[in-house]
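S.K.: One structure is given below, represented as C-alpha cells, and several questions about it will come after.
Residue numbers (the UniProt record's numbering): 1 to 135.
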C-alpha cells in the first residue's frame, strides 16, 4: 500500500528523469490487504500522504505512457493518478491493472470507476485501459 515514502520515491524519480516517456508502477498489496483496508489505522491516510507532494516541482511534459500494476484504488493511488493526468500534458496511454482484491470486490470497483471518471477529462487525449492483473 503506498505511503508517504512511496510517493517521495516516485517524486524523486520524476524529478531526476525530466525526459521520462514511460512510467511503470507496481503497487505492493500485502496478503491481508482487505483486512488492513478495513482497519481504522489504514482508513486515516493523513499520516501517509500530502496531496501536493507529487507534483510540486515536477514537470511531466514528456510522459506519454503510464502503466500501473496491482492497483488497489486507495485514496493515495487515486490521487497519484489524478496528479499524473494533470501534469502529463502529452499523455497518450494509461494502462491500469487492478489487484486481485479489487477483482473480487464489485462495490470497490464501482467506487474506483466513479472517482476515476472525475479526472479522466483532464487528459482527454489519453487512452485509458483497465484490466485485472493476473499473477
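Note that beta-carbon positions come from the ideal geometry of N, C-alpha and C, so glycine has one too.
Alpha carbons only, please: which of 73, 100 and 99 is nearest the one belonging to residue 116?
M.R.: Answer by Cα proximity: 73.
S.K.: Note down, in chain order, each residue of its chain lying with its Cβ closer than 7 angstroms to the Cβ of residue 103, except the 5 sequence neighbours on either side.
M.R.: 132
S.K.: Nearest-angstrom Cα distance between residue 60 and residue 86?
M.R.: So the alpha carbons of these two residues sit roughly 9 angstroms apart.
S.K.: Looking at the structure shown, is residue 93 part of a helix, part of a strand, or coil, going by DSSP?
M.R.: strand
S.K.: Looking at the structure shown, is residue 136 part of a helix, part of a strand, or coil, going by DSSP?
M.R.: The question about residue 136 has no answer, for the chain in this structure spans 1 to 135.
S.K.: I need the DSSP call for residue 66, collapsed to helix, strand or coil.
M.R.: strand
S.K.: Kindly indicate which three-state DSSP category residue 74 falls into: helix, strand or coil?
M.R.: coil
S.K.: Nearest CA to the CA of residue 77: which residue from 110, 27 and 118?
M.R.: 27
S.K.: Under three-state DSSP, which class holds residue 18?
M.R.: coil
S.K.: Mind checking whether residue 96 and residue 119 have CB atoms under 8 angstroms apart?
M.R.: no
S.K.: From residue 108 to residue 64, what does the alpha carbon distance come to, in whole angstroms?
M.R.: 28 angstroms
S.K.: What are the boundary residues of the alpha helix (DSSP H) that includes residue 100?
M.R.: Element bounds for residue 100: 100-103.
S.K.: Could you give the DSSP three-state label for residue 125: helix, strand or coil?
M.R.: DSSP, reduced to helix, strand and coil, places residue 125 outside both helices and strands of the structure shown, so it counts as coil.
S.K.: CA-CA distance, residue 88 and residue 23?
M.R.: Whole-angstrom Cα-Cα distance: 11 angstroms.
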